[in-house]
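Each residue of the sequence shown is one higher than the last, beginning at 34 in our numbering.
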Amino acid sequence: MPKNNSLKSVLIIGSGPIVIGQACEFDYAGTQAIRSLRDEGIEVILINSNPATIMTDPQMADHVYLKPLTTKSIIEILKKHKVDAVLPTMGGQTALNLCIEADEKGIWEDFGVELIGVNIDAINITEDREQFRELMLKIGVGMAPQATATSFLKGKEIAQEFGFPLVIRASYTLGGAGASIVYKKEDFDELLSRGLEISPIHEVMIDKALLGWKEYELELLRDKNDNVVIICTIENMDPMGIHTGDSITVAPAMTLSDTAYQRMRDMAIKMMRSIGDFAGGCNVQFAVSPDEKEDIIAIEINPRVSRSSALASKATGYPIAKIASKLAIGYHLDELENQITKTTSALFEPTLDYVIVKIPRWNFDKFEGSDRTLGLQMKSVGEVMGIGRSFQEALHKATQSLELSRNGLGADGKGLKDYNKIIQKLEVASWDRVFIIYDAIQIGIPLKRIHEITKIDMWFLRQYEELHLLEKEISSYNNLDSLPKALLLEAKQKGFADRQIAHMIDCWESEVHTKRKELNINRVFKLVDTCAAEFQAQTPYYYSTFESDMIVDGKVYSENESKVSDRKKVIVLGSGPNRIGQGIEFDYCCVHGVLAAKECGYETIMINCNPETVSTDFDIADKLYFEPVFWEHIWDIIQLEKPEGVIVQLGGQTALKLAEKLSKYGVKIIGTSFEALDLAEDRGHFSELLTKLDIPFPRFGTATSAEEANAIADQLDFPILIRPSYVLGGQGMKIVINKEDLESHVIDILRKIPNNMLLLDHYLDGAIEAEADAICDGENVYIIGIMEHIEPCGVHSGDSNATLPPFNLGEFVMQQIKDHTKKIALALETKGLINIQFAIKDDIVYIIEANPRASRTVPFISKAYNEPYVNYATKVMLGENKVTDFDFNPQLEGYAIKQPVFSFNKFPNVNKSLGPEMKSTGESILFIDSLKDDEFYELYSRRKMYLSK
Numbered sequence: 034m035p036k037n038n039s040l041k042s043v044l045i046i047g048s049g050p051i052v053i054g055q056a057c058e059f060d061y062a063g064t065q066a067i068r069s070l071r072d073e074g075i076e077v078i079l080i081n082s083n084p085a086t087i088m089t090d091p092q093m094a095d096h097v098y099l100k101p102l103t104t105k106s107i108i109e110i111l112k113k114h115k116v117d118a119v120l121p122t123m124g125g126q127t128a129l130n131l132c133i134e135a136d137e138k139g140i141w142e143d144f145g146v147e148l149i150g151v152n153i154d155a156i157n158i159t160e161d162r163e164q165f166r167e168l169m170l171k172i173g174v175g176m177a178p179q180a181t182a183t184s185f186l187k188g189k190e191i192a193q194e195f196g197f198p199l200v201i202r203a204s205y206t207l208g209g210a211g212a213s214i215v216y217k218k219e220d221f222d223e224l225l226s227r228g229l230e231i232s233p234i235h236e237v238m239i240d241k242a243l244l245g246w247k248e249y250e251l252e253l254l255r256d257k258n259d260n261v262v263i264i265c266t267i268e269n270m271d272p273m274g275i276h277t278g279d280s281i282t283v284a285p286a287m288t289l290s291d292t293a294y295q296r297m298r299d300m301a302i303k304m305m306r307s308i309g310d311f312a313g314g315c316n317v318q319f320a321v322s323p324d325e326k327e328d329i330i331a332i333e334i335n336p337r338v339s340r341s342s343a344l345a346s347k348a349t350g351y352p353i354a355k356i357a358s359k360l361a362i363g364y365h366l367d368e369l370e371n372q373i374t375k376t377t378s379a380l381f382e383p384t385l386d387y388v389i390v391k392i393p394r395w396n397f398d399k400f401e402g403s404d405r406t407l408g409l410q411m412k413s414v415g416e417v418m419g420i421g422r423s424f425q426e427a428l429h430k431a432t433q434s435l436e437l438s439r440n441g442l443g444a445d446g447k448g449l450k451d452y453n454k455i456i457q458k459l460e461v462a463s464w465d466r467v468f469i470i471y472d473a474i475q476i477g478i479p480l481k482r483i484h485e486i487t488k489i490d491m492w493f494l495r496q497y498e499e500l501h502l503l504e505k506e507i508s509s510y511n512n513l514d515s516l517p518k519a520l521l522l523e524a525k526q527k528g529f530a531d532r533q534i535a536h537m538i539d540c541w542e543s544e545v546h547t548k549r550k551e552l553n554i555n556r557v558f559k560l561v562d563t564c565a566a567e568f569q570a571q572t573p574y575y576y577s578t579f580e581s582d583m584i585v586d587g588k589v590y591s592e593n594e595s596k597v598s599d600r601k602k603v604i605v606l607g608s609g610p611n612r613i614g615q616g617i618e619f620d621y622c623c624v625h626g627v628l629a630a631k632e633c634g635y636e637t638i639m640i641n642c643n644p645e646t647v648s649t650d651f652d653i654a655d656k657l658y659f660e661p662v663f664w665e666h667i668w669d670i671i672q673l674e675k676p677e678g679v680i681v682q683l684g685g686q687t688a689l690k691l692a693e694k695l696s697k698y699g700v701k702i703i704g705t706s707f708e709a710l711d712l713a714e715d716r717g718h719f720s721e722l723l724t725k726l727d728i729p730f731p732r733f734g735t736a737t738s739a740e741e742a743n744a745i746a747d748q749l750d751f752p753i754l755i756r757p758s759y760v761l762g763g764q765g766m767k768i769v770i771n772k773e774d775l776e777s778h779v780i781d782i783l784r785k786i787p788n789n790m791l792l793l794d795h796y797l798d799g800a801i802e803a804e805a806d807a808i809c810d811g812e813n814v815y816i817i818g819i820m821e822h823i824e825p826c827g828v829h830s831g832d833s834n835a836t837l838p839p840f841n842l843g844e845f846v847m848q849q850i851k852d853h854t855k856k857i858a859l860a861l862e863t864k865g866l867i868n869i870q871f872a873i874k875d876d877i878v879y880i881i882e883a884n885p886r887a888s889r890t891v892p893f894i895s896k897a898y899n900e901p902y903v904n905y906a907t908k909v910m911l912g913e914n915k916v917t918d919f920d921f922n923p924q925l926e927g928y929a930i931k932q933p934v935f936s937f938n939k940f941p942n943v944n945k946s947l948g949p950e951m952k953s954t955g956e957s958i959l960f961i962d963s964l965k966d967d968e969f970y971e972l973y974s975r976r977k978m979y980l981s982k
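If you want it as structure tokens, here you go:
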């Protein structure tokens with residue numbers, strides 16, 4: 034059946050600001066859905082309040098509304114536009130909850146809007162745990178013993194009946210909010226109360242804990258003809274008890290027997306059919322008993338694109354959101370084409386001839402005093418994915434992508450050796466579990482003991498053990514020349530990095546690289562093709578691996594599927610995993626960089642390892658290398674592709690940290706040079722430049738030890754702001770008021786970031802903070818926006834409410850800001866974007882710092898003024914245009930306010946005060962007509978409420 038031609042316009046509801054449990058995977062889903070529907074000639078109207086996303090770009094949907102996600106906003110939109118249908122399945126739980134609220138208020142009915150992609154009954158059945166349980170029992174799908182409580186008293190009765198350990202899950206929540214495992218009776222009351230409070234309908238499901246059972250997820254798609262396909266089966270390496278968003282996950286499933294898989298598949302299809310007859314996507318989660326019986330129990334079903342849908346799309350090459358939105362408007366799967374092969378239909382189940390491993394990325398260091406134990410409530414802020422020919426290779430590539438100053442598993446001298454500490458960490462899962470298992474094997478703890486404690490399947494533990502034995506064998510060789518080729522090849526095939534091998538035999542990373550080149554052990558690139566090479570793939574989406582030599586017609590070679598063209602090329606380095614301080618804003622910049630370079634006639638190459646983002650969509654860049662943003666991988670791609678240069682200023686600190694090495698190896702950095710980037714980071718040299726330019730800055734000193742810091746403090750006077758170099762999101766920044774605080778904080782920073790140059794500034798107490806973003810071509814400067822922070826100086830710019838344009842800065846101060854910005858941009862020979870932060874006291878504008886790169890605020894300013902600034906800046910970087918070539922025409926009536934959004938609810942016992950280290954996970958945009966607006970007045974009146982040191 035072709036599409037439903039009566040649908041002329043569709044409203045898509047976005048997921049709002051990024052919070053823990055609902056991140057940029059929904060920007061990816063929404064972006065795909067918008068493109069998919071517009072391809073069909075459908076008018077798309079979008080509501081979303083997040084300015085940092087590609088989804089809310091003016092050119093994405095026909096009409097973009099950057100408004101709060103409320104029924105009031107929905108009514109405003111429906112009064113303006115004739116909307117035929119609403120698609121709420123692309124915006125996570127936020128969109129589903131808003132859709133239900135609008136339905137309960139009769140809004141869809143009043144305006145004659147049809148619901149597509151899901152139906153209200155399906156949402157209600159899957160979210161109401163009691164209804165869901167009854168339905169599962171009716172269709173013969175097993176579930177853990179459980180009961181629903183809508184009051185504290187009822188919850189106590191259930192606990193008395195079931196005994197401990199128990200699981201509490203709150204209804205209508207995302208990211209496991211309000212969920213917990215209760216081991217002891219004395220913890221139950223507090224956790225039950227929290228679950229009831231967090232649930233919007235004051236309801237929790239209490240079930241018997243299936244501790245030690247294995248956990249799996251299936252991603253399904255169904256069309257109006259009731260065809261169902263399973264896109265991906267994902268296995269959690271961590272057993273039940275850890276939220277799937279916080280679990281290390283693997284695809285395809287590694288330890289599931291074929292018969293159990295077939296049973297699980299049948300159950301998933303039966304579950305999807307039972308909850309309603311809608312066409313769209315579904316995510317189903319199961320628990321499997323860890324014995325020969327492999328009993329299967331249903332955990333939950335989500336009738337929408339889920340967090341794992343982005344992972345499954347990147348893992349298989351099957352664009353779930355794109356196809357789900359086509360199904361929602363009436364298409365059948367067999368009428369749609371496979372987006373990768375372009376010759377087969379979408380009515381097929383992908384086959385993988387590789388393995389993917391996803392590892393979450395946490396930011397516990399930002400939440401001092403937080404409970405770092407992993408459980409049923411999601412706490413990670415991002416994730417990475419590694420693709421390899423084996424589990425071991427994919428696992429290593431994922432660990433190398435995390436940016437935790439680790440080179441992979443083991444072989445970097447950073448593992449734990451203390452038996453008691455390792456046992457304790459095995460018992461209480463936390464952010465470093467992936468490394469701790471290796472450490473445990475390394476000090477000789479038997480696999481059986483590790484399995485008893487962690488309940489991780491023995492298959493995974495044996496994979497770890499093999500890696501350890503290989504490291505041990507290589508370490509027995511005295512030098513590189515004596516290492517056999519077969520052993521070096523095996524290490525590379527199992528994912529060990531050159532620098533890990535160098536650590537094992539005590540030599541340089543570059544020597545290992547040279548040696549393997551001599552031995553013809555070269556990285557080859559393979560296509561992600563959805564069909565295990567059964568059909569020809571048209572999409573250039575690659576991962577790397579190492580292969581044994583093949584001899585064909587007397588020639589020795591290993592097959593490289595990445596065909597290099599003779600076009601001029603540019604590589605854009607991605608921003609890696611989301612984390613606080615480096616979020617979706619930088620992915621936004623990378624995507625626009627790629628698109629602008631395409632417009633200039635370049636073949637664009639994207640390198641990134643984040644499965645949640647638009648930049649790793651396989652049809653954004655001309656070529657996507659899904660690889661760690663890790664030197665060895667990048668260098669091998671550069672040697673293969675031979676680009677004109679590499680763009681580093683769009684991918685945040687991840688890409689910037691590689692600028693020095695790229696420069697050292699003779700790779701051209703597109704735009705601002707490494708020397709200029711380094712000068713801005715080197716506080717000493719930068720302040721010399723400011724002195725030369727006659728621009729004021731706070732009194733400061735630099736230190737590399739606590740002793741030096743103490744000596745500088747004598748000259749500066751307290752309070753003092755301490756800042757490490759080469760960090761993002763204010764990592765390690767703190768205001769100290771005495772020598773005791775100073776010493777302990779300096780020691781703490783240098784323990785976490787060894788050999789760092791620390792900057793100590795005299796803190797300008799009571800100053801106003803402002804910032805400017807500009808584009809410079811080396812000769813001309815255009816300031817794209819000046820923002821004034823509502824909070825006082827001392828709160829990180831990412832955590833401040835900020836107004837565009839400023840609301841309280843006089844002409845004299847504004848002129849200083851403009852003059853300083855232009856002088857600094859030109860003095861640094863900036864080519865591209867620059868962000869400068871200012872502190873204003875007694876009408877004097879002081880420079881806090883300058884960053885000649887894309888900043889967190891560029892997407893916000895672009896949305897507020899409706900201008901494509903990253904596109905312009907990239908063309909300037911590439912030398913295609915001068916700043917004067919662009920016809921700048923910012924359009925904003927009134928003010929735009931950037932509002933930070935926090936995820937403190939995941940860490941109830943954490944101090945919520947704000948300071949120089951960033952803690953917000955996302956942001957929203959608010960437009961006001963004037964400063965008399967109530968919302969502005971409220972923000973301004975509580976500006977000092979949370980300030981801390």
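Quick reminder that beta carbons are idealized off the backbone N, C-alpha and C, glycines included. In this text, all values refer to a predicted model and were calculated from it rather than measured experimentally.
### Query
Measuring CA to CA, which of Ala-343, Ile-53, Gln-615, Ile-703 is closest to Ser-830?
Here residue 830 is taken as the residue at index 797 of the sequence shown, counted from 1. Measuring from the Cα of Ser-830, the nearest candidate turns out to be Gln-615.
#### Entry: Residues that His-795 bridges to, as DSSP identifies them
For this step, residue 795 is matched to residue 762 along the sequence shown. Ile-753, per the DSSP bridge assignment.
#### Entry: Closest residue to Tyr-759 among Asn-788, Phe-751, Glu-741 (Cα-Cα distance)
Your numbering for residue 759 matches position 726 in the sequence shown. That would be Asn-788, whose Cα lies nearest to the Cα of Tyr-759.
### Query
Hey, Phe-663 and Tyr-574: beta-carbon distance below 7 angstroms or not?
Locating residue 663 in the sequence shown gives position 630, counting from the first residue. Locating residue 574 in the sequence shown gives position 541, counting from the first residue. Contact: no.
### Task
Figure out for me which residue from Asp-367, Ser-42, Gln-849, Asn-643 has the closest Cα to the Cα of Val-390.
As a working note, residue 390 is residue 357 in the sequence shown. Closest option to Val-390, Cα to Cα, is Asn-643.
### Query
Do Lys-505 and Phe-579 have their C-beta atoms within less than 7 angstroms of each other?
In the sequence shown, the residue the question calls residue 505 occupies position 472. In the sequence shown, the residue the question calls residue 579 occupies position 546. No; because the gap between Cβ atoms is not below 7 angstroms, this pair is not in contact.
### Query
Beta carbon of Pro-392, beta carbon of Ala-431: below 7 angstroms?
In the sequence shown, residue 392 corresponds to position 359, counting from 1. In the sequence shown, residue 431 corresponds to position 398, counting from 1. Here residue 392 turns out to be Ile, not Pro, going by the sequence shown. Yes, they are a contact pair.
### Query
Who pairs with Gln-318 in a beta bridge, going by DSSP?
Translated into positions along the sequence shown, residue 318 becomes position 285. Per DSSP, Glu-250, Glu-333.
### Query
If you run the structure through DSSP and keep just helix, strand and coil, what is Leu-947?
Within the sequence shown, the letter at position 914 stands for residue 947. Leu-947 falls in the strand class under three-state DSSP.
### Message
Contact between the segment 491-503 and the segment 440-451 is defined here as three or more beta-carbon pairs at a separation below 8 angstroms; is this criterion met?
### Response
yes
### Task
Ignoring anything shorter than 4 residues or poking outside the segment 759-846, list the alpha helix (DSSP H) runs there in chain order.
772-785
### Query
Can you name the residues that DSSP bridges to Glu-180?
On the sequence shown, position 147 is the one that residue 180 refers to. According to the sequence shown, residue 180 is Ala rather than Glu. According to DSSP, Ala-180 bridges with Ile-239.
### Message
Tell me whether the segment 99-118 and the segment 905-923 touch, counting them as touching only if at least three CB pairs, one residue from each stretch, are closer than 8 angstroms.
### Response
no
### Task
Below 8 angstroms on the Cβ atoms is my guess for Glu-83 versus Ser-957; work out the distance and round it to an integer in Å.
Counted from its first residue, the sequence shown places residue 83 at position 50. Counted from its first residue, the sequence shown places residue 957 at position 924. Note that residue 83 is Asn in the sequence shown, not Glu. With a Cβ gap of about 6 angstroms, Asn-83 and Ser-957 count as contacting.
### Message
Checking the sheet assignment: what are the DSSP bridge partners for Cys-265?
### Response
Translated into the one-based positions of the sequence shown, residue 265 becomes position 232. Per DSSP, Glu-252.
### Residue interval of the beta strand (DSSP E) (run including Pro-923)
Position 890 of the sequence shown, counted from the start, is the residue given in the question as residue 923. Looking at the DSSP string, Pro-923 is not in any beta strand (DSSP E), and its letter there is neither H nor E.
#### Entry: Endpoints, the beta strand (DSSP E) within which Gln-870 is located
Mapped onto the sequence shown, residue 870 falls at position 837. Start and end: 864-874.
### Message
I'd like the span of the beta strand (DSSP E) that includes Asn-884, first residue to last.
### Response
Position 851 of the sequence shown, counted from the start, is the residue given in the question as residue 884. Taken as a continuous stretch (DSSP letters only), the beta strand (DSSP E) holding Asn-884 covers 877-884.
### Query
Thinking C-alpha only, which one of Ala-331, Asn-868, Lys-138 is nearest Ser-888?
For the purposes of this step, residue 888 is taken as the residue at position 855 of the sequence shown. Of the candidates Ala-331, Asn-868, Lys-138, the one whose C-alpha sits nearest the C-alpha of Ser-888 is Asn-868.
### Task
Give the C-beta separation of Thr-159 and Ile-334 to the nearest angstrom, bearing in mind that I take them to be a contact with Cβ-Cβ under 8 angstroms.
The count along the sequence shown starts at 1 and reaches residue 159 at position 126. The count along the sequence shown starts at 1 and reaches residue 334 at position 301. With 8 angstroms as the limit, Thr-159 and Ile-334 qualify as a contact, their Cβ atoms being about 5 angstroms apart.
### Query
Would you report the Cα separation of Pro-838 and Ile-819, rounded to the nearest angstrom?
For this step, residue 838 is matched to residue 805 along the sequence shown. For this step, residue 819 is matched to residue 786 along the sequence shown. Each residue's alpha carbon lies about 6 angstroms from the other.
### Spatially closest choice to Asp-117 from Lys-326, Glu-142, Lys-896, Ile-873, by CA coordinates
Position 84 of the sequence shown, counting from 1, holds the residue named residue 117. When each option's Cα is compared against that of Asp-117, the closest is Glu-142.
### Cβ-based burial, Leu-244 [other Cβ within 10 Å; buried from 16]
As a working mapping, residue 244 is identified with position 211 in the sequence shown. Its Cβ having fewer than 16 others within 10 Å, Leu-244 is exposed.
### Query
Between Pro-933 and Glu-594, what straight-line distance do the alpha-carbon atoms span, to the nearest angstrom?
As a first step, residue 933 is located in the sequence shown; it is residue number 900 there, counting from the start. As a first step, residue 594 is located in the sequence shown; it is residue number 561 there, counting from the start. Straight-line Cα distance between these residues: approximately 44 angstroms.
### Task
Measure the beta-carbon distance from Val-681 to Leu-673 and round it to whole angstroms, keeping in mind my assumption that it falls under 8 angstroms.
Position 648 of the sequence shown holds residue 681. Position 640 of the sequence shown holds residue 673. Contact doesn't hold; Cβ gap of about 19 angstroms is too wide.
### Query
Where does Met-766 land, buried or exposed, given buried means 16+ other C-beta within 10 angstroms?
Position 733 of the sequence shown, counting from 1, holds the residue named residue 766. When all chains shown are included, Met-766 counts as buried.
### Task
Go ahead and pull the three-state DSSP assignment for Lys-690.
As a working mapping, residue 690 is identified with position 657 in the sequence shown. Here Lys-690 sits in coil by DSSP.
### Task
Please report the Cβ distance between Ile-149 and Ile-362, rounded to the nearest whole angstrom; I am assuming they are in contact, meaning their Cβ atoms lie under 8 angstroms.
As a position in the sequence shown, residue 149 is number 116, starting the count at 1. As a position in the sequence shown, residue 362 is number 329, starting the count at 1. Their Cβ separation, rounded to whole angstroms, is 7 angstroms, which keeps Ile-149 and Ile-362 in contact under 8 angstroms.
### Message
Please return the same chain residues whose Cβ sits closer than 8 angstroms to the Cβ of Leu-980, not counting the five positions on each side in sequence.
### Response
Walking along the sequence shown from the start, residue 980 turns up at place 947. Unreliable placement is indicated for Leu-980, whose pLDDT of 48 sits below 50; no coordinate value is reported for it.
### Task
Check Leu-70 in the structure and name its three-state DSSP category.
As a working mapping, residue 70 is identified with position 37 in the sequence shown. Reduced to three states, the DSSP call for Leu-70 is helix.
#### Entry: Straight-line gap, Asp-599 to Gln-65 (C-alpha atoms, nearest Å)
Sequence index remark: in the sequence shown, residue 599 carries index 566 (1-based). Sequence index remark: in the sequence shown, residue 65 carries index 32 (1-based). Approximately 30 angstroms between the Cα atoms of the pair.
### Message
Using a Cβ-Cβ cutoff of less than 7 angstroms, which residues in the same chain neighbour Ile-894 once the five nearest sequence positions on both sides are dropped?
### Response
The residue given as residue 894 occupies position 861 in the sequence shown. Cβ neighbours of Ile-894 beyond the five flanking positions: Asp-806, Ile-817, Gly-818, Leu-837, Tyr-902.
### Message
Using CA atoms only, rank isn't needed, just tell me which of Glu-645, Ile-239, Ser-608, Lys-656 is closest to Asn-630.
### Response
If you number the sequence shown from 1, residue 630 lands on position 597. Here residue 630 turns out to be Ala, not Asn, going by the sequence shown. Taking only the C-alpha atoms, the option nearest Ala-630 is Lys-656.
### Query
Do you know how far the Cα of Arg-296 is from the Cα of Ile-302?
Position 269 of the sequence shown, counting from 1, holds the residue named residue 302. Position 263 of the sequence shown, counting from 1, holds the residue named residue 296. Near 10 angstroms, if we compare the C-alpha coordinates of Arg-296 and Ile-302.
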